[in-house]
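In what follows, a structure is listed as structure tokens, so that the remarks can point back to it.
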Amino acid sequence: MITVDRTFTLGVMAFVLDFLAIGVWHYDYGWTILRFPVLAGVTVCLIGIGNLAMTARIMHAGDSDDTVQTGLRPAISAMAWIGAALPMVLLLGYVIGLPLYIFIYLKSHGQGWRVSAVLAAVTFVVVYGGFVTLLAIPLQVLPMGL
Amino acid sequence: MLDALILASQQFLQPSVLLLMVVAVPIGLLFGVLPGVSGLTALAILIPVIYGMEPVHGLTFLLAAHAVVTTGGSVTSILLGIPGSTLNAATVMDGHPLSRQGKAGYAIGAALTASALGGVIGVIVLVVLLPFLQPIIEAFGSPEVFFLAVFGIVFIGALGEGQPLKGLMAGGLGVFLSTFGYQGTTGVPRFWLDSDYLLDGFRLVPIGLGLFAVPQIIALMSTGKPIASGGQNHDVSWAQVGEGIKTVVRRWRLLLGSSAIGTFVGIVPGVGGDTASFVSYGWAKQTSKNPDEFGKGAIAGVIAPEASNNAKEGGSLVPTLAFGIPGSVAMAMLFGAFLILGLEPGPYFLRDHMDIALGLAFVVAAANLIAAIMILPAVSHISLLTRVPGHVLGPLLLVLVVLGAYASANNPVDVLFVFVFGALGFVMTRLGFSRPALMLGFVLGSMIETYFEISLDAYGPWFVTRPISALLFVLILAGIAVPMARQMRRRKDHDHG
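Chains A and B are the protein sequences, given in the same order.
Each residue of the first sequence is one higher than the one before, counting from 1 in the numbering used here.
Each residue of the second sequence is one higher than the one before, counting from 1001 in the numbering used here.
Next comes the structure, spelled out in structure tokens:
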């Protein structure tokens, strides 16, 4: 976990420094525009260095680094399923995509046809009846291009 | 003050407002019952619903739902030993042993009564304090507000999850993310990567949903298990409930003390509700004649944290309304809702909108009472929700999150950013980086920048030497140094032991 911790800390520092560099060289911001982001970004980096030093001490003390894989595979699988909702919604629209997502997810996770169909129908009612009709939210109703 | 009270009662006693409260309370209770789904998630999901509402209606809806989340959470804490939210964690210690002893009704009766009365007491303290806050507010100029906001982030970052550097880094990242988009004082867009979406910077709703709701959904979908498992007895006896209610009335000193602690902790920006319930629990144990009973089913161990949990909601409204500094992360989210509805909490809010401030206090009190009345008959049914398998509950919550993200601004890019911030929230959760600190940093970031720029222009770099500013600066340094020293001491003990 320490390695992941250090990677994340370095990633955050790189993110902040990248944007500050973009501000300086790409957008050519003046000091008035960049003053506060520089203050915030430098603070983040200084704290990040402190965190790296702290984790280096822990590594030096010999704490184990074997917890990183614990429970990670099911979490990644869950994240992949969650991520799959996005293309379904973008391609099929919210009104069809979300109930279909619920149906496919439930069916592929051991639920019966009846439970999957009923919950997909409930989702349809919530999306179309609740959000599109009742709250008049302009959700993409039809699949892309139709 | 009397005029404001009359105006508040005219606005907040309308049938439509009361009806919204009756609708919002069961929603809040539902979020409270679902363990890990916090009041913050509730606010994140419900904020899109208030778009286009009148300020009084929108704030009533959100605050009523949020104020009762811990009330709902007490039920699962007691019945199943699973805290509905982290705020209910202290209740588990004595509530669940009582449930195992077959006294679930007794504990639930006491918890709900303590929650309701604690919420009302917190509000009374708030209403008493509001008129006296004006002179204090006038002593706060731009430098002081700047330091107070930084103080809030430092406190929630450094004290939040026991890893001060990670909390502070998360808070700093939140502030940095708030600098994207148009700068407040010059109107120049920053770091927008030539994307129209980023011209307005990152949005509050996708960040809130991503950081708090998505990791919870990942947890549910990855295990597939129901939130609750095991074979506890869920039967709730009405005689026991009545006895629990009477016990709270008999232990009124404990109730008042715990509510006072909760209100005070709520007033201090950034300290958060988790602290309130544990401080109250500790106080109840220290002042008890039988401290050995705590942890084994002492009713005082249920009354103290529950009263304190709900009382802190009134308290945390004080800095939110009066200073524009949220007293907790949930209040930071509520702060965003104020802005969405066209109201700006801060030094002039009490002068211009005292009626709304008093009305909101009424909403917190009334919601707590309605919640207690509503939840009692439904306790046994509500507990069944926690038995819904994670593979069913998780995707259904995801649907709500996707819809909520889109509905906030009718922008599909917001949905994309929910997933981006969801991944960030998941990594932060696993590595122990404070998500509340990031959220608070993001919410307060633009305000911090504005007051920082004004302070520099008005007083130069020596604005830090103004008396109140200097005091706050010292407190910020202490807020960093003390948890750091404590962590290093713990590490040293660990190395030697």
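Even glycine gets a Cβ: it sits at the ideal position worked out from N, Cα and C.
Figure out for me which residue from the options has the closest Cα to the Cα of residue i.
i: B:Ala-1116; options: B:Thr-1287, B:Val-1248, B:Pro-1097, B:Arg-1490; result: B:Val-1248
i: B:Ser-1077; options: B:Arg-1100, B:Leu-1063, B:His-1057; result: B:Arg-1100
i: A:Gly-93; options: B:Thr-1465, B:Leu-1403, B:Met-1447; result: B:Leu-1403
i: B:Ala-1322; options: B:Ala-1357, B:Gln-1487, B:Leu-1341; result: B:Ala-1357
i: A:Ser-108; options: B:Leu-1063, B:Leu-1211, B:Gly-1224, B:Gly-1262; result: B:Gly-1224
i: B:Asp-1200; options: B:Leu-1209, B:Ile-1207, B:Tyr-1182; result: B:Tyr-1182
i: A:Val-42; options: A:Ala-120, A:Ala-136, A:Asp-18, A:Ile-82; result: A:Asp-18
i: B:Pro-1026; options: B:Ala-1311, B:Gly-1174, B:Ala-1065, B:Phe-1463; result: B:Ala-1065
i: A:Met-54; options: A:Val-122, A:Ile-2, A:Val-118, A:Met-13; result: A:Ile-2
i: B:Leu-1220; options: A:Val-89, A:Ala-56, A:Pro-74, A:Phe-103; result: A:Pro-74
i: A:Arg-6; options: B:Leu-1165, B:Phe-1012, B:Val-1068; result: B:Leu-1165
i: B:Val-1401; options: A:Phe-131, A:Leu-142, A:Val-141; result: A:Phe-131
i: B:Val-1443; options: B:Val-1175, B:Val-1474, B:Ala-1407, B:Met-1428; result: B:Val-1175
i: B:Glu-1293; options: B:Leu-1098, B:Asp-1352, B:Phe-1473, B:Asn-1310; result: B:Leu-1098
i: A:Thr-9; options: B:Gly-1167, B:Leu-1360, B:Gly-1095, B:Phe-1463; result: B:Gly-1167
i: B:Pro-1055; options: B:Gly-1359, B:Val-1418, B:Asp-1457; result: B:Gly-1359
i: B:Met-1093; options: B:Tyr-1197, B:Lys-1296, B:Phe-1132; result: B:Lys-1296
i: A:Tyr-27; options: B:Asp-1194, B:Phe-1417, B:Ala-1044, B:Thr-1070; result: B:Asp-1194
i: B:Ile-1030; options: B:Arg-1250, B:Ala-1304, B:Val-1068; result: It is Leu, not Ile, that sits at residue 1030 of chain B in the sequence shown. Ranking the options by Cα distance to B:Leu-1030, first place goes to B:Val-1068.
Would you report the Cα separation of residue i and residue j, rounded to the nearest angstrom?
i: B:Leu-1396; j: A:Trp-31; result: 48 Å
i: B:Ile-1468; j: B:Ala-1298; result: 43 Å
i: B:Pro-974; j: B:Ala-1158; result: Residue 974 of chain B is absent from the model: chain B starts at 1001 and stops at 1497.
i: A:Pro-99; j: B:Gly-1073; result: 29 Å
i: B:Ile-1375; j: B:Ala-1008; result: 27 Å
i: B:Ala-1365; j: B:Ile-1217; result: 31 Å
i: B:Gly-1244; j: B:Gly-1432; result: 38 Å
i: B:Leu-1446; j: B:Ile-1325; result: Reading the sequence as shown, one finds Ser at residue 1446 of chain B and not Leu. Taking the straight line from one Cα to the other gives about 12 Å.
i: B:Ala-1110; j: B:Thr-1060; result: 26 Å
i: A:Tyr-128; j: A:Ala-136; result: 9 Å
i: B:Met-1053; j: B:Leu-1018; result: 15 Å
i: B:Pro-1215; j: B:Gln-1487; result: 27 Å
i: B:Pro-1048; j: B:Ala-1337; result: 9 Å
i: B:Thr-1185; j: B:Glu-1449; result: 9 Å
i: A:Leu-205; j: B:Ser-1288; result: Outside the modelled stretch of chain A, which goes from 1 to 146, sits residue 205 of chain A, for which no answer is possible.
i: A:Ala-56; j: B:Leu-1475; result: 29 Å
i: B:Pro-1319; j: B:Ile-1261; result: 16 Å
i: B:Ser-1408; j: B:Arg-1489; result: 45 Å
i: B:Ser-1016; j: A:Leu-90; result: 37 Å
i: B:Leu-1112; j: B:Ala-1367; result: 12 Å
i: B:Pro-1377; j: B:Trp-1238; result: 9 Å
i: B:Pro-1461; j: B:Ala-1470; result: 13 Å
i: B:Val-1399; j: A:Gly-97; result: 10 Å
i: B:Leu-1173; j: A:Gly-48; result: 10 Å
i: B:Ala-1114; j: B:Val-1418; result: 37 Å
i: A:Ala-78; j: A:Val-12; result: 24 Å
i: B:Ala-1307; j: B:Phe-1212; result: 25 Å
i: B:Leu-1254; j: B:Gly-1032; result: 24 Å
i: B:Ala-1485; j: A:Val-16; result: 27 Å
i: B:Gly-1036; j: B:Asn-1088; result: Here B:Gly-1036 scores only 49 on pLDDT, less than 50, and its place in the model is too uncertain to base an answer on.
i: A:Leu-139; j: B:Ala-1405; result: 11 Å
i: B:Phe-1132; j: B:Pro-1305; result: 28 Å
i: B:Gly-1028; j: B:Ala-1042; result: 7 Å
With three or more C-beta pairs closer than 8 Å as the rule, is the stretch 1186-1197 of chain B touching the stretch 1009-1025 of chain B? These segments do not touch.
Which of the residues in the stretch 75-95 of chain A, read from start to end, lie with their CB under 8 Å from any CB of chain B? With the criterion set as a beta carbon lying under 8 Å from some beta carbon of chain B, the members of the stretch 75-95 of chain A are Ala-75, Ser-77, Ala-78, Met-79, Trp-81, Ile-82, Gly-83, Ala-85, Leu-86, Val-89, Leu-90, Tyr-94, in sequence order.
Assess contact between the stretch 1205-1214 of chain B and the stretch 36-45 of chain A, defined as three or more Cβ pairs (one per stretch) separated by less than 8 Å. Is contact present? Touching, no.
Considering only residues of the stretch 1326-1414 of chain B, which uninterrupted alpha helix (DSSP H) runs meet the minimum length of 4 residues and lie entirely inside it, listed in chain order? Here the runs fully enclosed are 1329-1340, 1349-1382, 1390-1409.
Count Cβ pairs between the stretch 1330-1337 of chain B and the stretch 1436-1446 of chain B that sit closer than 8 Å; are there 3 or more? Yes, since at least three Cβ pairs between the stretch 1330-1337 of chain B and the stretch 1436-1446 of chain B fall closer than 8 Å, the two stretches touch.
Contact between the stretch 1277-1285 of chain B and the stretch 1341-1357 of chain B (3+ Cβ pairs under 8 Å): Touching, no.
With a cut-off of 8 Å, do at least 3 Cβ pairs link the stretch 1148-1157 of chain B to the stretch 1475-1487 of chain B? Verdict: yes, contact present.
Contact between the stretch 1417-1435 of chain B and the stretch 1090-1106 of chain B is defined here as three or more beta-carbon pairs at a separation below 8 Å; is this criterion met? Contact between the stretch 1417-1435 of chain B and the stretch 1090-1106 of chain B is absent, because fewer than three Cβ pairs lie under 8 Å.
Identify each residue in the stretch 93-121 of chain A for which the Cβ-Cβ distance to at least one residue of chain B is less than 8 Å, and report them in chain order. Taking 8 Å as the cut-off between beta carbons, the residues of the stretch 93-121 of chain A near chain B are Tyr-94, Leu-98, Tyr-101, Ile-102, Tyr-105, Leu-106, His-109, Gly-110, Gln-111, Val-115, Leu-119, in sequence order.
Assess contact between the stretch 1407-1418 of chain B and the stretch 1140-1151 of chain B, defined as three or more Cβ pairs (one per stretch) separated by less than 8 Å. Is contact present? As far as the Cβ criterion goes, the stretch 1407-1418 of chain B does not touch the stretch 1140-1151 of chain B, which means the pair count is below three.
Kindly provide the ranges of any alpha helix (DSSP H) runs that are 4 or more residues long and lie completely inside the stretch 79-128 of chain A, ordered along the chain. For the stretch 79-128 of chain A, the full-length alpha helix (DSSP H) segments reaching 4 residues or more read 94-108, 113-124 along the chain.
For the structure I just gave you, are there three or more beta carbon pairs, one from the stretch 1119-1127 of chain B and one from the stretch 1452-1462 of chain B, closer than 8 Å? No contact exists between the stretch 1119-1127 of chain B and the stretch 1452-1462 of chain B.
Which residues, taken in chain order from the stretch 1155-1187 of chain B, show a beta carbon closer than 7 Å to some beta carbon of chain A? The residues in question are Leu-1165, Lys-1166, Leu-1168, Met-1169, Gly-1172, Leu-1173, Val-1175, Phe-1176, Thr-1179, Gln-1183, Thr-1186.
Segments of 4+ residues assigned as alpha helix (DSSP H) that fall wholly inside the stretch 1120-1202 of chain B: Assignment of alpha helix (DSSP H) within the stretch 1120-1202 of chain B, counting only whole runs of 4 or more residues, yields 1133-1138, 1142-1159, 1164-1177, 1196-1199 in chain order.
So if I threshold CB-CB distances at 7 Å, which residues from the stretch 37-49 of chain A count as touching chain B? Of all residues in the stretch 37-49 of chain A, Pro-37, Ala-40, Gly-41, Thr-43, Val-44, Ile-47, Gly-48 have a Cβ within less than 7 Å of some Cβ in chain B.
Could you name each continuous alpha helix (DSSP H) segment of 4 residues or more that falls completely within the stretch 1045-1077 of chain B, going from the start of the chain to the end? When DSSP assignments are scanned along the stretch 1045-1077 of chain B, the uninterrupted stretches of alpha helix (DSSP H) that are 4 or more residues long and fall wholly within it turn out to be 1055-1067.
Using a Cβ-Cβ cut-off of less than 8 Å, list which residues of the stretch 1406-1426 of chain B approach chain A; keep chain order. Correct list: Tyr-1406, Ala-1407, Asn-1410, Pro-1412, Val-1415, Leu-1416, Phe-1419, Gly-1422, Ala-1423, Phe-1426.
Of the residues that make up the stretch 1424-1454 of chain B, which ones have a beta carbon closer than 9 Å to any beta carbon in chain A? Closer than 9 Å at the C-beta level to chain A, one finds these residues of the stretch 1424-1454 of chain B: Phe-1426, Val-1427, Met-1428, Arg-1430, Leu-1431, Gly-1432, Phe-1433, Gly-1441, Gly-1445, Ile-1448, Glu-1449, Phe-1452, Glu-1453.
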